[in-house]
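Line by line, the protein sequences are chains S and V.
Letter by letter, the first sequence follows residues 1 to 113 of our numbering.
Letter by letter, the second sequence follows residues 114 to 669 of our numbering.
Note that the Cβ used here is the ideal one computed from N, Cα and C, for glycine as well.
The structure under discussion appears below in the form of structure tokens.
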Amino acid sequence: MKLIIAIIKPDRLEAVKQELYKADVNLITVNEVLGHGRQMGVTEVYRGIKEMGNLLRKIRLEIAVNENFVEPTINAVIKGAQTGNIGDGKIFVLDLVECIRIRTEERGGTAIG
Amino acid sequence: MVLMFIAMAVTVLAEELKPVQAPVAGIQTAAPAQATQAPTGEALSPHGGPGTRLRVREAGYPLAGGALLKEGMTQAPMNDNGPKGLNVHSPHSGREGEAPTALLKEGATQASMNDNGPKGLNVHSPHSGREGETLAAMPTEGATQAPLIDTGDTAWVLISSALVLLMTPGLAFFYGGMTGRKNVLGILMQCFTILCVISIQWVLFGYSLSFAPGNSFWGSLEWAGLKDVGFGPFKDYAATIPHQLFMVFQMMFAIITPALMIGAFAERMKFSAFLMFMVLWATFVYDPVCHWVWGIGGWLKGLGALDFAGGTVVHINAGAAALMVAVFIGTRKGGGHKAILPHNLPFTILGTALLWFGWFGFNAGSSLGANGLAVNAFVVTNTAAAAAGLSWALIDWIFNEKPTMLGMATGAVAGLVAITPAAGYVSAPSAIIIGVIVSILCYIAVTLIKPKFGYDDALDVFGVHCIGGVWGALATGLFASKAVNPAGADGLFFGNPKLFLVQLIATCITLAYSFVMSLVIYKIIDTAIGVRVKEKDELMGLDLTQHHENAYTIIE
Chain S
1 MKLIIAIIKP
11 DRLEAVKQEL
21 YKADVNLITV
31 NEVLGHGRQM
41 GVTEVYRGIK
51 EMGNLLRKIR
61 LEIAVNENFV
71 EPTINAVIKG
81 AQTGNIGDGK
91 IFVLDLVECI
101 RIRTEERGGT
111 AIG
Chain V
114 MVLMFIAMAV
124 TVLAEELKPV
134 QAPVAGIQTA
144 APAQATQAPT
154 GEALSPHGGP
164 GTRLRVREAG
174 YPLAGGALLK
184 EGMTQAPMND
194 NGPKGLNVHS
204 PHSGREGEAP
214 TALLKEGATQ
224 ASMNDNGPKG
234 LNVHSPHSGR
244 EGETLAAMPT
254 EGATQAPLID
264 TGDTAWVLIS
274 SALVLLMTPG
284 LAFFYGGMTG
294 RKNVLGILMQ
304 CFTILCVISI
314 QWVLFGYSLS
324 FAPGNSFWGS
334 LEWAGLKDVG
344 FGPFKDYAAT
354 IPHQLFMVFQ
364 MMFAIITPAL
374 MIGAFAERMK
384 FSAFLMFMVL
394 WATFVYDPVC
404 HWVWGIGGWL
414 KGLGALDFAG
424 GTVVHINAGA
434 AALMVAVFIG
444 TRKGGGHKAI
454 LPHNLPFTIL
464 GTALLWFGWF
474 GFNAGSSLGA
484 NGLAVNAFVV
494 TNTAAAAAGL
504 SWALIDWIFN
514 EKPTMLGMAT
524 GAVAGLVAIT
534 PAAGYVSAPS
544 AIIIGVIVSI
554 LCYIAVTLIK
564 PKFGYDDALD
574 VFGVHCIGGV
584 WGALATGLFA
594 SKAVNPAGAD
604 GLFFGNPKLF
614 LVQLIATCIT
624 LAYSFVMSLV
634 IYKIIDTAIG
644 VRVKEKDELM
654 GLDLTQHHEN
664 AYTIIE
């Protein structure tokens, strides 16, 4: 079992979702987060006072999958989120120790799907 | 009721023109000299420059007070209406008048203080008979040359102007709530920008182009900078209120019309291009069409077309232009959503409420008087909005399982749009029919026609304002009745098919003109500086990229 965390641009979320559905990955958790990587931040000005280098809005996806879904999920996220520009985001893959479905108390691989 | 209204008018006028209280005091204590202590400067109406202030403070009132003292003294203190009679002296009108000689003599002692003195006098209003008895003596003195300002009418149109102004920020929230979080300031900013820009444009030359005597196409520059637009009435437009009040009431219409368009090209227009588009559009589309329909010698007016409060001038005009821009600027990038995904529906509902509230000024104010016609407009406005709101909610319920808040709000706005041209000519039962049908038509436009053709009229300006406006204009041709307004005409259902035809012609011409001219202006600006923002900026949102601001923080 793996936990896939993907940080993407907000406007790519819809495309990523569509790609994930195509890969038969339907269970995702989405968060709005702020972050900055290597690209420029944004300028904000309030009553003439500049605020530089602020954090950019990103979307963070959390997807728990069984081993055979890891590569399809990664590919789907890449396909949906890639524009080729700086700021497209990152994908982290973590080992997942346990997964429990609260309703049925099922554990492990059956609980994920 | 009448007393209440008078009391309201007094309060309002007192608010607007603080010095009015001075002469009241002067009269009650029979000491006109006190008026010289009248509040000055800041307290005065925004209309008056320093010169006006001087006249008002030192000359007009003491003199008027003096006249009253002599002529009306016995009645004024006994009657609780007495002091109210005083707000018939409007400082506005004083400026242009000739000095009525009778009063000059009457008030000579006070007048000698100030050479401007007598001018304050032609402000006496016979006040539409209401207070005629109390003040009978006054008008006979000065009335021979006096233009007749009705204070009730003036108070109502002043209030109405403020109500209509509030519609533009209301619209900003209506639209702002429907956009994404990253574009809400862009919408608010565009609405506010129009508020500022057209306010200036209108004073400088917009009003003159629209309303000054000219040819049948548009006015002239005769009244540019409000030259000759004074505080006396201009009979061809409004016989009982100051001309400048008519001007400012119309200004509010000129402001909200381009603002309506914003929804169509929301989330993707460059701010600089937007600014240029609005100034050119107001000048070359709004001002001429306004002149055709309402101006002296306007050719649609000559044709006999009825447009009570701006169905063609405002809604069809803006809706048609909105469609043009939406088609040519292209669909929004990113997200890939088909539906509007409103980021804050309560904003939209707040905006709807403000629009509805302001619309009473828009429609009932368009009677330009505090009279039965205004009441009719008020009642049918409310009735049509209610009927249309319910109608849309019902359609939602039938076709989409649940009644929706956004649907009801959209319906209410559509109803307000549809009743606008008809408000002064139709009865309340007709208003219900107009309201119910407009929601059906707009619903079809928004849910069937728009997806079929694939234009991205983001917030349905065409679907609601243009379709609703066209229906309203045609409905006027169907439901208008002389029983409601003898100055109007009978519609098709009251035995006069000709009116329907005229309404149809006026509608088509406005549509055609607005389509073509908006396209021309759009193309010019697109060629010169480019209308659309860069894709990168669009994806990041207009708030940050066009204005360097964020509406909401996620983490402080």
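Coil, strand or helix - residue i by DSSP
i: M52/S; result: strand
i: Y350/V; result: coil
i: D95/S; result: strand
i: K295/V; result: helix
i: G117/S; result: A query on residue 117/S cannot be resolved here, the shown segment of chain S reaching from 1 to 113 and no further.
i: I668/V; result: coil
i: V488/V; result: helix
i: Y21/S; result: helix
i: A143/V; result: Reliability fails at A143/V, whose pLDDT of 38 lies under 50, so the model's placement of it is uncertain and the value that follows must be treated cautiously. It is coil, neither helix nor strand.
i: P334/V; result: At residue 334/V the sequence reads Leu, which differs from the Pro that was named. DSSP places L334/V in coil when its eight states are reduced to three.
i: L646/V; result: Looking at the sequence provided, one finds Val at residue 646/V rather than Leu. Here V646/V sits in coil by DSSP.
i: M280/V; result: helix
i: R47/S; result: coil
i: G502/V; result: helix
i: Y568/V; result: coil
i: D603/V; result: coil
i: F344/V; result: coil
i: G443/V; result: coil
i: D420/V; result: coil
i: T523/V; result: helix
i: Q82/S; result: coil
i: A76/S; result: helix
i: D573/V; result: coil
i: P516/V; result: coil
i: N476/V; result: helix
i: S594/V; result: coil
i: T533/V; result: coil
i: G411/V; result: coil
i: D509/V; result: helix
i: A325/V; result: coil
Cross-strand partners of residue i (DSSP beta bridge)
i: N31/S; result: R60/S
i: A6/S; result: L61/S, I91/S
i: I100/S; result: R107/S
i: M382/V; result: R645/V
Distance, residue j Cα to residue i Cα
i: V30/S; j: I547/V; result: 45 Å
i: E651/V; j: I368/V; result: 26 Å
i: P564/V; j: L617/V; result: 27 Å
i: P72/S; j: E32/S; result: 24 Å
i: N598/V; j: M280/V; result: 26 Å
i: L436/V; j: F575/V; result: 6 Å
i: V644/V; j: A268/V; result: 42 Å
i: D420/V; j: V629/V; result: 22 Å
i: L55/S; j: G41/S; result: 6 Å
i: C621/V; j: L587/V; result: 11 Å
i: I634/V; j: W394/V; result: 7 Å
i: A498/V; j: F592/V; result: 17 Å
i: A602/V; j: A490/V; result: 16 Å
i: D400/V; j: Y320/V; result: 8 Å
Residue i, buried or exposed, once every other Cβ within 10 Å from all chains shown has been counted against 16
i: T100/V; result: Here chain V comprises residues numbered 114 to 669, so residue 100/V is not present and cannot be evaluated.
i: K679/V; result: Outside the displayed range of chain V (114 to 669) lies residue 679/V, so it cannot be described from this structure.
i: R381/V; result: buried
i: R103/S; result: exposed
i: F359/V; result: buried
i: A544/V; result: buried
i: M391/V; result: buried
i: S385/V; result: exposed
i: T640/V; result: exposed
i: F366/V; result: buried
i: G524/V; result: buried
Whole-angstrom C-beta distance between residue j and residue i, which should lie under 8 Å
i: I550/V; j: W584/V; result: 7 Å
i: V530/V; j: G581/V; result: 4 Å
i: P346/V; j: A352/V; result: 5 Å
i: L504/V; j: I553/V; result: The residue you asked about is not Leu; residue 504/V is Ser in the sequence shown. That pair is a contact at about 7 Å.
i: G474/V; j: I642/V; result: So it is not a contact: roughly 36 Å between Cβ atoms.
Interface residues of chain B facing residue i [CB-CB closer than 7 Å]
i: T43/S; result: Of the protein chains in the structure, S and V, none is chain B.
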